[in-house]
Amino acid sequence: MLPFGNQTVIGEMTGAEILDLLHQSAMLTKGAIQVAGVRYSFVHNRLADPTPGVNMVLSAEVWDRATETWVPIDPATTYIIATNEFLAPAGQDNFLAFQGIENYTYHGDMLDQVIAYSQATYTQENPYRGPTGDGTLDARIQRMFANFLPVLAATPQ
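Here the sequence shown is numbered in our numbering, starting from 11 and rising by one per residue.
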């Protein structure tokens with residue numbers, strides 16, 4: 011989960027920058043980025059090179075705490091994000107959109123924070139049971155297997 015010692019970074023990014031991250035993630039050069047508070051679906055064409063336009067995000071939404079609903083990410087809106095210092099502001103693993111993070115601050119070792127939160131929140135009698143409460147995944151990140159591009163090209167008009 012946290013293989014390297016990194017500090018937590020909290021800062022601001024635009025919706026357009028977040029969408030850029032998700033599009034880069036859809037290319038699967040470093041795997042799909044794992045996010046909280048966001049759900050998205052993407053297509054990855056296994057038959058194509060990892061290039062934009064072939065591998066892309068189909069939909070992306072952010073959880074609105076005030077309305078308790080999913081709303082589309084607005085490219086013009088500024089969002090507060092948290093990640094590790096390997097990704098922001100460095101933009102490592104080609105997640106270059108993280109270099110656009112603004113007004114960021116460092117908040118200590120991420121692993122220490124995860125351990126403290128887990129120990130304070132979960133016990134052997136009350137273990138983590140996933141976002142749905144039953145131990146199953148919530149399908150916030152969906153990969154659409156898309157060998158459909160060659161199929162579409164071969165379909166008569």
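Idealized CB from N, CA, C, for every residue including glycine.
Report task. Check whether the segment 117-134 touches the segment 100-108, counting contact only when three or more Cβ pairs, one atom from each stretch, lie closer than 8 Å. Result -> no
Requested in this report: Would you mind listing the beta strand (DSSP E) stretches within the segment 116-159 that are 3+ residues and don't spill past its ends, in chain order?
Outcome: 151-155
Report task. Return helix, strand or coil for Gln17, following the three-state DSSP convention. Result -> strand
Requested in this report: Return the Cβ separation of Thr88 and Thr24 in integer angstroms, given the expectation that the two are a contact with Cβ distance under 8 Å.
Outcome: 6 Å
Report task. Please classify Asp5: does DSSP put it in a helix, a strand, or coil? Result -> The displayed coordinates of the chain run from 11 to 167. Any statement about residue 5 would go beyond what the structure contains.
Query raised in the report: Less than 7 Å separating the beta-carbons of His117 and Thr18?
Result: yes
Query raised in the report: How is the beta strand (DSSP E) around Ala92 delimited, first residue to last?
Result: 88-94
Report task. Could you tell me which residues DSSP pairs with Met66 in its beta bridges? Result -> Val53
Query raised in the report: Can you check whether the CB of Ser51 is closer than 7 Å to the CB of Ser35?
Result: no
Query raised in the report: For Met23, which beta-bridge partners are listed by DSSP?
Result: Tyr89
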